[in-house]
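See below for the structure under consideration.
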Amino acid sequence: MRRAVRSALALAALLAGAPGLPARAQDQTTMSVTDSLPLQGPVRSPVLTIDLERLYAGSDFGERVAADIRAATEALAAENRQIEAELTAEEQSLTDRRPTMEPEAFRAEAEAFAERVQTIRREQDAKERALQDRLVAGRDAFFAAATPVLGRMMLDAGAAVILDRRNVFLGVGLVDITDSAIQRIDAEVGDGASEAPAPDTGSDPAPGPAAPAEQDSAPPDGAEAADD
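In mature numbering (1 follows the signal peptide of the UniProt record, and there is no 0), the protein residues as written are -25 to -1, 1 to 203.
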C-alpha cells in the first residue's frame, strides 16, 4: 500500500512538470515564475518580446498618423456627399430641360455629363488610394524611426533578440517591453509631425467627391431615345 501511494505521488509530481498541462495549471506555473522575478530595475534577459501592433497604435506617432488619416477620410467623405448632391441636381436639371432641347443638343450634353461622372469617380478613387498609401507610409516611417530606439533598449537589457509577441507560444510577461518602448519612443521620436511629408494631392485638379455608387455612367433617362 505504501509503495502504491509513493508511486502515485511520484507520478503526480512527474505530470505536474510535464508539457501539455491544462490552461489553468499553466497559468499558475507562469504566475509563480513571474512572481519570483524582481520587479525593480531594467529587464535583463537574452530574449525580449514586444507587441508591435500596440507599440504603433499606442505611440504618439501612431496616434498622430491615425488622427491625420481619420480627418482626411472625413473630409473626403464630406466632399463626396457634396458632389453627389451637385451631380444629382445637374442630372435632374438636364432631364427637366430635355423637352425644350433639340435632340442633338440633349444627346451631347448628356454624354458630356456621363463622361464627367466617370472622370470624377476615377479621381476620387485615386484620392482614396492615396489615403491608404499615406497610412502605409506613416506606419513604415514609424518603424524606421523606432528601430534604432528598440535596438538601444535591446542592448541595455543585454538581450540578443526582440520577438514579436504574435510569434511567441509561451513567455513570461516581464520580458515584454511594449509599454516601456512606447514611453521611450514618445520621448525620443515624438509624434513625427515634423518629418511627415505634405499630403500628396496629385497633379489632377481636385474635383468634387466620387460620384455615388448608384450613380450610373449612362446619360439621364431618355438620352438614348433622343433621335426619336
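Glycine is no exception: its CB is placed at the ideal position from the N, C-alpha and C atoms. Here the structure is a predicted model, which means the values were calculated and not measured.
Tell me whether the beta-carbon of residue i lies closer than 7 Å to the beta-carbon of residue j.
| i | j | result |
| --- | --- | --- |
| LEU30 | ALA134 | no |
| ILE160 | VAL136 | no |
| LEU23 | ALA132 | yes |
| VAL150 | SER20 | yes |
| LEU27 | ASP154 | no |
| residue 259 | ALA42 | The first residue shown for the chain is -25 and the last is 203, placing residue 259 beyond what the model contains. |
| ARG39 | ASP166 | yes |
| ARG91 | PHE81 | no |
So what does DSSP say about residue i, is it helix, strand or coil?
| i | result |
| --- | --- |
| residue 216 | Outside the displayed span of the chain (-25 to 203) sits residue 216, for which this structure offers no information. |
| LEU138 | strand |
| ILE152 | coil |
| VAL124 | helix |
| SER34 | coil |
| ALA198 | Because ALA198 sits at a pLDDT of 46, beneath the cut-off of 50, its placement in the model cannot be relied upon, and the following sentence gives the value as read from the coordinates. In this structure, ALA198 counts as helix in the three-state DSSP scheme. |
| residue 207 | Residue coverage of the chain in this structure runs from -25 to 203, which leaves residue 207 outside it and unanswerable. |
| VAL92 | helix |
| ALA132 | coil |
| LEU145 | coil |
| VAL8 | Caution is warranted here: a pLDDT of 40 is assigned to VAL8, below 50, making its placement in the model unreliable, and no coordinate value can be reported. |
| GLU65 | helix |
| ARG161 | Reading off the sequence shown, one finds Asp at residue 161, where the question assumed Arg. Correct three-state label for ASP161: helix. |
| ASP166 | coil |
| GLU77 | coil |
To the nearest angstrom, report how far apart residue i and residue j are at their CA atoms.
| i | j | result |
| --- | --- | --- |
| ALA120 | ARG109 | 16 Å |
| GLY148 | ILE25 | 10 Å |
| PHE117 | ASP100 | 26 Å |
| GLU49 | GLU103 | 11 Å |
| LEU130 | THR122 | 12 Å |
| ALA53 | ARG45 | 12 Å |
| SER169 | ALA112 | 15 Å |
| GLU66 | PHE88 | 8 Å |
Over the uninterrupted beta strand (DSSP E) stretch that includes residue i, give me the two end residues.
| i | result |
| --- | --- |
| PHE22 | The sequence shown places Val at residue 22, rather than the Phe named in the question. Per DSSP, VAL22 belongs to the beta strand (DSSP E) from 22 to 25. |
For residue i, I'd like the list of residues in its chain whose CB is within less than 7 Å of its CB, leaving aside the five on either flank, ordered along the chain.
| i | result |
| --- | --- |
| GLY146 | THR24 |
| ASP115 | none |
Does at least one heavy atom of the ligand NAP sit under 6 Å from the Cβ of residue i?
| i | result |
| --- | --- |
| ASP108 | Among the components of this structure there are no ligands whatsoever, and the ligand NAP is therefore not found. |
What residues in its chain sit with their C-beta under 8 Å from that of residue i, if we drop five residues either side in the sequence?
| i | result |
| --- | --- |
| ARG97 | none |
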